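Protein chains in written order, with my numbering: chain A, 1 to 289; chain B, 1001 to 1437; chain C, 2001 to 2649.
By construction, the Cβ of each residue, glycine as well, lies at the ideal position given by its N, Cα and C atoms.
From a predicted model like this one, the values you see are computed outputs, not experimental measurements.
Structure first, commentary second.
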Amino acid sequence: MNYLYFPGCTLYTKAKNFDQTARNCSLLLGFELIELPNWTCCGATFPLATDNLMALLPPARILARAKEQGEILTTLCAICFNVIKRTNHLLQRDGEKREKINEFMEMNYLGDLKVLHYLEILKQEIGFSTIKDKVKKPLNELQAAPYYGCMLLRPFEEMGFDDKERPTLFEEFLESLGAKPVDFPYKIECCGSFQSVGSPEVATECAYRILTSAMKQGAEVVVSTCPLCTFNLDQKQSDILKAHLDFKTIPVLYFTQLLGVAMGLDPRTLGFEQNAVDPIPLLKRKGLV
Amino acid sequence: MGSSGNGFIKKAMVIGGGIAGITASIDIGNAGYNVLLVEKLPSIGGRMLQLSETFPTLDCAQCTLTPKTVETGQHPRIQLHTYSEVVRVEGQAGNFIVQIRKKASYVDWEKCTGCGLCQQKCPSKYPSEFDRGMGLGKAIYTLSPQAVPNKPVINTSHCRYFLEKKCRVCEKICPVGAINYQQEDRIIEEKVGAIIVATGFDLMPIERFGEYGYGEIPDVIDGLSFERLNSASGPTNGEIRRPSDGKVPKEVVFIQCTGSRDPERYMPYCSRVCCMYTAKHARLYKHKVHEGQVYIFYMDIRSTGKGYEEFIQQTMEEGILYLRGRVSRIFRDGEKIAVWGVDTLTGKKVEVLADLVVLATAIIPHQEVKALAQILGIPIDLYGFLTEADRKLKPVETNREGIYLAGCVQGPKDIADTVAHANAAASKVQSLFARYS
Amino acid sequence: MRRLGVFICHCGVNIAGTVDVKKVAEEIGKIEDVCHSIDYIYMCSEPGQQLIREAIQEKQLEGVVVACCSPSMHENTFRKAVKTAGMNPYLCEIANIREQCSWVHQKEKEEATRKAMEIIQATLEKVRRNEELEPLAMSINRNVLVIGGGIAGMTASLDLAQGGYEVFLVEKGPALGGHMAQLSKTFPDLSPAFPNLLAKALEIVSHPKIELFCCSELEEVKGYVGNFEIIIHKKATYVDWTRCNGCARCIEVCPVEYPSSFDRELGMRKAVDFLYPNCVPKRVKVTPTQCRYFQDRSCRKCEEVCPEKAIQFDQKDERIHRKVGAIVIATGFDLFPKERLGEYGYGEIPDVIDGLAFERMLSPDGPTRGKILRPSDGRVPKEMVFIQCVASRDPDRYMPYCSRICCMYTAKQAKMYKEQVPDGQPYVFYMDIRSDGKGYEEFLQKTIEENGVLYLRGRVSRVFQEDGKVKVWGVDTLTGKGIEIGADLVVLATAIIPSEGVKELAAKLRATVDKHGFLTEAHIKLYPVESSTKGIYLAGCGQSPKDITDTVSQASATAGKIQALLSTDKLFQDPLIAYVDETVCSGCGICVEICPYEAREMDYRRGISIVHVALCQGCGACIASCPNFACELRNSSSVQTLRMVDTFI
């Protein structure tokens, strides 16, 4: 079974390593990610204004085109996933807006495509038990803190990803790789990355709280589902060190990178060189590279 | 059933003909015991008769109440003494000797057919207390067209005959010659075995609230007045019009906890019904004036009854603005009323220019309850509410055997709780009577 | 042809102000069989009724129509009036020309007058074919079943027994007291809950008119108001209670210990034990799911040690038959299950407990003997967080309603904590403080001012363990700031929900429940203790959350209602009910399915469906559903109804 795949701008450019690892892992797990032809930017934010439909056009177009190709669309980036899934939800529920948008696009999309995050594909379509069987290098009880961020879960009614207060999907994923998920209170709190430009100190402070909380609960590595969160939590650590003398750095990995390690991919293909805090020493210590 | 062998009288007296007294009377009457129902006003029904719709179902109060008043009036075991007061009580459970003053109505109720002609023709009009001073009543009046009993009384302080010895229109027009200006108060004596006190409540007078204009701004009214404005049988036939100029108010401010929960200056207790009736008022207003804007100042929203929380949720969804904070000052600003308050959630000062302000004033016991408590020999609390024997396990008993409490005279409660309380009081009377069979 | 009379009421100006009553009287008087047609200002007044009585006698009327207000107002009045004049009351009908005519057509006087005439003509059609009927008399049983042995059921039982009625009190558990037995002190006077309760319980067990069935449930009920036949399922306790003297020796020797649900899992109990140490009746019960004898027959220690030879491992369940005239449902409440409250760490963090567990901790007879010690390590908590509205007032995820008692018990618990741990700091997260009972507001003020309990208006977003503390994140909506408290113990005021099994019980009794499972009353204001089924009454939290005071009032109220119901020898029922034309009925049974009152039953011998007169409420559902037109409603036959419709079209 192959899945229609929307890479999104970030994973296509700056975070190419995340994209590549996902594609490679998929092949090892027995499926292929088929890139959606002629895809465009998703818009990157779901519009809050309810009377301006223009911002909904890019995701609507993505959905409509995908529907011509298949029944399921998957994506890796939590932000793209959030925008596309919510647009789909709105097109499903709001007949009036759907009609307007369709008229403008000169298409007829009914909101009947299934939009799944890559993790959902792994859980619902492949099954964590299958992954467990196919893992080449079990992660050796690596203490991994799953950081969901906000985009995957909220708003709950529209995303329907997992329990909004106590999600467990990411933990199940980590367990299937042989890691030991670490529960920590900040796992669904905002990382502040939207403030990275305007008030960088806010984002730094958020990252500090998230990372220290994870470490306090015994985490050796923080694993994220969102490229922006990964960037913020990882790259900000140098700033945190300046502000907090007690801070110790911790590697932050995108979940496909860790999947790649467990699937036995060559570490050189996982793009660790782009990580600000080098995870190699930890992985070596654990006997994983 | 009357007196049993040992002289125990199986007949009850219920003081107060509101929903509590009516409920208790019917319950006792249905159990086969005779009941004397004593009501201060000319007819029964009490405060509920003044209400428009009731929370949380928005049922019409009259439609709910009238079948009960009619049932009371026709009940073979209930004897009504309206326009009457209890003046003396002696004896003990099973054998109370009570004296009831039947006030002069100046109408021979035996002869009167309730045709209403006298009320139509009476030339003397004055602000009616029943309509909270907003409508005009006649000097010879019944409280409502559906009054039970449907017999009028003459208010001597407004009747031209009593003031100036002129007029006599009612006497001339009465087809059965029932008017009797010479009538006098009578004292009758009865023997009963048990007494239920159900004298209800009053509202704290607006005149006591300096910060809200001492009752000087006509468009600052209390909750019961708003009920009358909303009522189809009220002074505006149910249209929301402000008292000063009859205009439909476009911005209305409701202020909860006026005089309640204010231990420094007024009453420390919570009046229990205001949160719900204010929400109801806001909704009824919104249903009638769609484009109107409602602001409700509150301290805490207390919606603890069955279906109440859901009612409040619905109210908020209908676009009614709840502001958590108290009001510091109300004053006239041209045709408008300026309301200064604070929104404690934003910490900001709020100023609203309103057309009408409704105060949910504190529920207090009637003034006469103090004297009645003395007559009955039962204790009252600091605020004048009658005290139950045990807060939890004996909520309707007093510390005097044979005397029971029902409704708001014991403490503020809503209609549902009042009815259950009255049912319970009636139950205690039945148990008492059964013990002596 | 019947001689008919029509009486048109002005209702002051209510009718006459819109409808031309003189004209109506005149026109109606022209109808052939109408021998008498007059109007009067108030027909319901004594002179008005006199007019009717006189006309019946003078004109020998055989049917009367009173055109006035709604029949729910005065149908009884006029039926009584015609009866005193010697006419069968069911030959008198009301034509409603007020609510259904003058009030709704105030601006269309001519049309309203025409409509009033049509309404009267339609009613005349009905009266022409009305039968003379007599009310149905039914004998009644004067015993009462009370289900639930909490404070509500106990109060109702005692009131009824004192009123002279025989009461069967059925309690699911092994002892009386319900949730009140678990409480420490009660608000607002901080009086201890137990002594008062104990006095009542002792009165019940010694009352000659009350028969108490513990460990019992209502299994089956048949019949109707005044004549219920019930079967009580009395479960085996494996102890002969007539022999057991409560000496507790068996408890001492029992080797099996397990968490006690009475103590909310904070304490242990034995496989043979009391419900709680001073329970009434003071009798032990064996719990077979825990007892070793029942597992593998390996232990009979209790049997060996019992001086009264009361242990009976072979005891069987009993089925007890009784007849009663009325039933009180007082099944009480449960707290929202912890399995569903993950975000508060409830069920995972040992130092997060619910309000009832904290009550057990505060109780002198509780697992900690009244000492506040956190479950994880037995230390005295120095910082405590109380969270109100857990699963209440949360329409999106849990219960939309307010649980009514949590504000007060939280204040009480915070106060008692502060009194026991003077250097401790309690915090209370709340949404609105609801202290609307007598003396409640004052109690709350004192708690805040004198006891230094810190109230924070806001909800809690996360509860988790860190550094041996329970971290609570919340927000203070008054300052708009986030708050983090490192607490030693967290108490959740979880939502009140109806107790388990109420839905099934209600179905057995034909009582209804709302979408949350609370029993529904007949009228939310005027009939708060009556269920929608005659003879079934409601008391306590099974109907909706309420505090002890309101529960006791309501329980007394049910007792009063029942005493009034059972005070007569016979119950009379309106004869306006369904009947079957046996020659037409094919016995298809559709009516049996459709009847909401179980009043229709198949008579298989005769192959027809019959009407149970005592149960029929005259709703007409069977008539509408009968494919053969074999059922009719007395005095609302299809001929009558169609003729009435004909007048309008």
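Is the CB-CB distance between valine 2272 of chain C and cysteine 2299 of chain C below 8 Å?
no
When the distance is taken between beta carbons, is alanine 1020 of chain B closer than 8 Å to alanine 1406 of chain B?
The answer is yes: Cβ separation under 8 Å.
Does the CB of proline 2545 of chain C have a neighbour CB from chain A at under 8 Å?
no
Enclosing alpha helix (DSSP H) for threonine 2494 of chain C [first to last residue]:
Not the alpha helix (DSSP H): threonine 2494 of chain C falls in the beta strand (DSSP E), residues 2489-2494.
Spell out the partners DSSP gives proline 2259 of chain C in its beta bridges.
C/Met2268
When you compare each of C/Ile2349, C/Ile2038, C/Val2592, C/Leu2633 to valine 2006 of chain C by their alpha carbons, which one comes out closest?
C/Ile2038
Closer than 8 Å by beta-carbon distance: list the chain C residues that pair up with glutamate 120 of chain A, in chain order.
None at all; the shortest Cβ gap to chain C is about 21 Å.
At the level of alpha carbons, what is the spacing between threonine 13 of chain A and leucine 282 of chain A?
27 Å
Please report whether the beta-carbon of glutamate 68 of chain A lies at a distance below 8 Å from any beta-carbon of chain C.
no
Under 8 Å between C-beta atoms, does cysteine 2009 of chain C make it to chain B?
no
I'd like to confirm the pairing. Which residues does DSSP put opposite aspartate 2476 of chain C in its beta bridges?
Per DSSP, C/Lys2481.
With a threshold of 7 Å on Cβ separation, who are the neighbours of serine 2625 of chain C within its own chain once the five nearest residues in sequence on each side are excluded?
Ile2590, Cys2591, Ile2594
Restricting to runs no shorter than 4 residues, where is the alpha helix (DSSP H) found entirely within the region 1182-1256 of chain B?
Counting only runs of 4 or more, we get 1223-1230.
Do the region 2310-2328 of chain C and the region 2448-2465 of chain C meet, that is, are 3 or more Cβ pairs less than 8 Å apart?
no
Considering just the uninterrupted stretch of the alpha helix (DSSP H) at alanine 2122 of chain C, what are its terminal residues?
2109-2128
Under the three-state reduction of DSSP, which class applies to phenylalanine 1968 of chain C: helix, strand or coil?
What is shown of chain C runs 2001 to 2649, which leaves residue 1968 of chain C out entirely.
Ignore the nearest five residues each way along the sequence and tell me which others in alanine 2081 of chain C's own chain have a CB closer than 7 Å to its CB.
Gln2049, Ile2052, Arg2053
Per DSSP, what kind of secondary structure is aspartate 1512 of chain B in: helix, strand or coil?
An answer regarding residue 1512 of chain B cannot be provided, because it is not within the stretch 1001 to 1437 covered by chain B.
Does chain A have any CB closer than 8 Å to the CB of glycine 2486 of chain C?
Answer no: the Cβ-Cβ gap between glycine 2486 of chain C and chain A never drops below 8 Å.
Phenylalanine 2648 of chain C classed as buried or exposed, judged by whether at least 16 other C-beta atoms fall within 10 angstroms
exposed
Listed from N- to C-terminal order along the chain, which residues in the region 1417-1428 of chain B have their beta-carbon within a distance smaller than 7 Å of any beta-carbon of chain C?
Closer than 7 Å at the C-beta level to chain C, one finds these residues of the region 1417-1428 of chain B: Asp1417, Val1419, Ala1420, His1421, Asn1423, Ala1424, Ala1426, Ser1427, Lys1428.
Is it the case that the Cβ atoms of leucine 139 of chain A and glycine 198 of chain A are separated by a distance below 8 Å?
No, the pair does not count as a contact, with Cβ atoms beyond the cut-off.
Closer than 7 Å by C-beta to histidine 1158 of chain B: which residues in its own chain qualify, once you throw out the five before and the five after it? Chain order, please.
Ser1124, Tyr1126, Ala1139
Counting contacts by CB-CB distance shorter than 8 Å, is arginine 86 of chain A in contact with chain C?
no
Output the residue ranges of the alpha helix (DSSP H) runs that lie fully inside the region 2143-2213 of chain C and measure 4 residues or longer, sorted by chain position.
2151-2162, 2193-2206
Between which two residues does the alpha helix (DSSP H) holding proline 2071 of chain C run?
From DSSP, the alpha helix (DSSP H) with proline 2071 of chain C extends over 2071-2084.
At a Cβ cut of 9 Å, what residues of the region 166-185 of chain A count as close to chain C, listed as they run along the chain?
Arg166, Asp183, Phe184, Pro185
Can you check DSSP and say which residues form a bridge with cysteine 2092 of chain C?
C/Val2064
What residues of chain A sit near glutamate 2343 of chain C, judged by a beta carbon separation below 7 Å?
Glu165, Arg166
Please list, in chain order, all residues of the same chain as asparagine 2245 of chain C whose beta carbon is under 7 Å from its beta carbon, the five residues on each side excluded.
Glu2308
Run through chain E and tell me which residues come within less than 9 Å of lysine 216 of chain A, C-beta to C-beta.
Note that chain E does not occur in the displayed structure, where the protein chains are A, B and C.
Rounded to whole angstroms, what is the Cα-Cα separation between methionine 1001 of chain B and isoleucine 2041 of chain C?
Confidence at methionine 1001 of chain B is low in this model, with a pLDDT of 43, below 50, so its placement is unreliable and no value can be given for it.
Could you tell me whether the Cβ of serine 1003 of chain B comes closer than 8 Å to any Cβ of chain C?
Low confidence applies here, because serine 1003 of chain B scores a pLDDT of 48, under 50, leaving its location unreliable and the question unanswered by this model.
Cutoff 8 Å: arginine 2393 of chain C Cβ touching any chain A Cβ:
no
Just to make sure I have the definition right: I need the residues of chain A whose C-beta is within less than 7 Å of the C-beta of arginine 2462 of chain C. Which are they?
Among the residues of chain A, those whose CB is under 7 Å from the CB of arginine 2462 of chain C are Pro185, following chain order.
For methionine 1 of chain A, the three-state DSSP class (helix, strand or coil)
coil
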